[in-house]
Ligand SMILES: *Cc1c(COP(=O)(O)O)cnc(C)c1O
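In this note's numbering, the protein residues as written are 36 to 394.
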């Protein structure tokens with residue numbers, strides 16, 4: 036068996052020891068004589084899994100009692116529509132801070148459902164920064180404030196929580212579980228699973244209980260957070276396999292020191308990669324230093340005609356998925372929880388060698 040160093044932005048790397056548990060579990064899960072994919076979500080074994088999964092997530096993120104943990108389908112993208120549908124009526128105003136492509140998508144969904152106020156937009160500097168909070172143009176009566184905690188494409192991350200009294204709705208798809216957070220700062224947190232939680236197909240939504248009641252009538256059953264809260268997220272058949280893997284990931288995180296340990300490691304991983312980029316005139320990262328992402332690190336080569344060669348040779352060296360998003364160009368290393376520090380070291384070493392032979 037040979038495993039590569041995988042810098043994919045998502046679906047992303049999973050820990051090898053979790054993959055080995057899965058491989059071992061598949062033919063006969065927990066002595067049932069079936070795989071977890073072949074068993075009812077209403078079986079005793081699966082209901083136990085769901086309860087353990089939530090308890091472990093609550094422990095990892097210190098989720099307060101007044102919040103519900105929901106598991107939905109449709110990815111973070113569906114939550115971009117469900118947030119305005121559940122929290123605002125058609126005449127209500129909502130405030131959005133747009134710091135990259137995902138925030139722009141979220142704002143476009145909100146515009147279809149209610150009155151959108153883009154309170155701030157970082158596109159004037161190609162989404163390489165988070166505009167100062169003092170310059171935001173928030174409305175007086177917003178139903179909520181939406182932020183994208185980490186913009187996966189440009190690599191821009193909030194390292195502060197906005198103030199104010201309205202509920203904050205945060206798309207944390209590419210930063211959740213990378214460090215401890217204070218859940219009570221937020222009204223709603225949502226995240227697609229395929230970065231730090233598990234495989235694609237399941238979506239985490241954490242909702243403060245007073246926000247569960249939909250702000251409008253006649254929403255489809257599966258579009259109401261309340262339906263999930265009332266059915267332990269078994270309002271219809273859930274993506275059981277993805278849920279099972281998320282449960283294994285949470286156990287793995289707990290036995291590896293929890294989110295404090297993840298934060299230490301993630302900070303170390305990202306700062307050594309930024310240092311290597313900044314120390315070189317051959318590579319650069321355009322993001323303002325105080326909002327650089329811990330998870331997604333874009334970097335461009337001074338000579339873009341070397342991009343293809345960089346990608347080809349890095350692949351040959353066992354470093355995969357380094358091609359940058361087409362909107363930014365160059366390279367992007369996504370270094371989520373499951374990307375080991377050794378992978379970052381190998382990348383830094385490769386970059387130095389590439390610079391030495393091509394610079
Ligand atoms: C990946 C990602 C999404 C899209 O998630 P889907 O699960 O594909 O809908 C949305 N927002 C952010 C910040 C992401 O990183």
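Idealized CB from N, CA, C, for every residue including glycine.
Taking 8 Å as the cut-off, decide whether the C-beta atoms of residue 317 and residue 336 are in contact. The criterion of a C-beta distance shorter than 8 Å is satisfied by residue 317 and residue 336.
4 or more residues per run - each alpha helix (DSSP H) lying fully within the segment 238-284: Counting only runs of 4+ residues, the alpha helix (DSSP H) found wholly inside the segment 238-284 occupies 260-265, in chain order.
Which residues mark the beginning and the end of the beta strand (DSSP E) in which residue 333 is found? Membership of residue 333 in the beta strand (DSSP E) is indicated by the continuous run 331-336.
Following the continuous beta strand (DSSP E) through residue 154, name the residue where it begins and the one where it ends. Residue 154 -> beta strand (DSSP E) spans 150-156.
Does DSSP put residue 106 in a helix, a strand or coil? The DSSP-derived three-state label of residue 106 is strand.
Within the continuous beta strand (DSSP E) that includes residue 367, where are the two ends? If you look at residue 367, you'll find it in the beta strand (DSSP E) that goes 366-369.
Which residue's Cα is closest to the Cα of residue 152: 253, 173, 189? From the listed residues 253, 173, 189, the smallest Cα separation to residue 152 is found for 173.
Does chain B have any CB closer than 8 Å to the CB of residue 239? The structure shown has no chain B; it contains just one protein chain.
Indicate, with yes or no, if ligand 1 has a heavy atom lying under 7 Å from the CB of residue 185. The beta carbon of residue 185 sits closer than 7 Å to at least one heavy atom of ligand 1.
Would you mind sorting residue 328 into buried or exposed? The rule is 16 or more other CB atoms within 10 Å of its CB. By the neighbour-count rule (16 or more Cβ atoms within 10 Å), residue 328 is buried.
Taking 8 Å as the threshold (C-beta atoms), are residue 119 and residue 145 in contact? Taking 8 Å as the cut-off, the Cβ atoms of residue 145 and residue 119 count as close.
Taking its Cβ as the centre, do 16 or more other Cβ atoms sit within 10 Å of residue 72, making it buried, or is it exposed? Looking at its Cβ environment, which holds fewer than 16 other Cβ atoms inside 10 Å, residue 72 is exposed.
Inter-residue Cα distance where the pair is residue 78 and residue 132: Pairing residue 78 with residue 132, the inter-Cα distance amounts to about 43 Å.
Mind checking whether the beta-carbon of residue 229 lies closer than 7 Å to any heavy atom of ligand 1? At least one heavy atom of ligand 1 lies less than 7 Å from the C-beta of residue 229.
In the DSSP assignment, what residue or residues form a beta bridge with residue 354? DSSP links residue 354 through a beta bridge to 40.
Those residues which DSSP pairs with residue 206 across a bridge: Residue 206 is bridged by DSSP to 183, 225.
Between residue 288 and residue 51, what straight-line distance do the alpha-carbon atoms span, to the nearest angstrom? About 13 Å.
As an exercise, report each continuous beta strand (DSSP E) stretch of at least 3 residues that is fully enclosed by the segment 46-121, in chain order. Entirely contained in the segment 46-121, the beta strand (DSSP E) runs reaching 3 residues are, in chain order, 102-107.
Drop a sphere of 10 angstroms on the beta-carbon of residue 134, count the other beta-carbons inside from all chains shown, and report buried for 16 or more, exposed for fewer. Buried: at least 16 other Cβ atoms inside 10 Å.
With respect to the alpha helix (DSSP H) encompassing residue 312, which residues constitute its N-terminal and C-terminal limits? Start and end: 293-313.
What is the DSSP secondary structure of residue 218, counted as helix, strand or coil? In the structure shown, residue 218 sits in a helix (DSSP, three-state: H, G or I).
Taking 7 Å as the line, does the beta carbon of residue 128 fall inside it for any heavy atom of ligand 1? For ligand 1, not one heavy atom lies less than 7 Å from the Cβ of residue 128.
Is it right to say residue 386 is buried, meaning 16 or more other beta carbons lie within 10 angstroms of its own, or is it exposed? So residue 386 counts as buried.
What number of angstroms, rounded off, separates the C-alpha of residue 315 from the C-alpha of residue 324? One C-alpha to the other measures close to 16 Å.
C-alpha gap between residue 397 and residue 103, whole angstroms: Since the first residue shown for the chain is 36 and the last is 394, residue 397 is missing from the structure and cannot be characterised.
So what does DSSP say about residue 133, is it helix, strand or coil? Three-state DSSP puts residue 133 in a strand.
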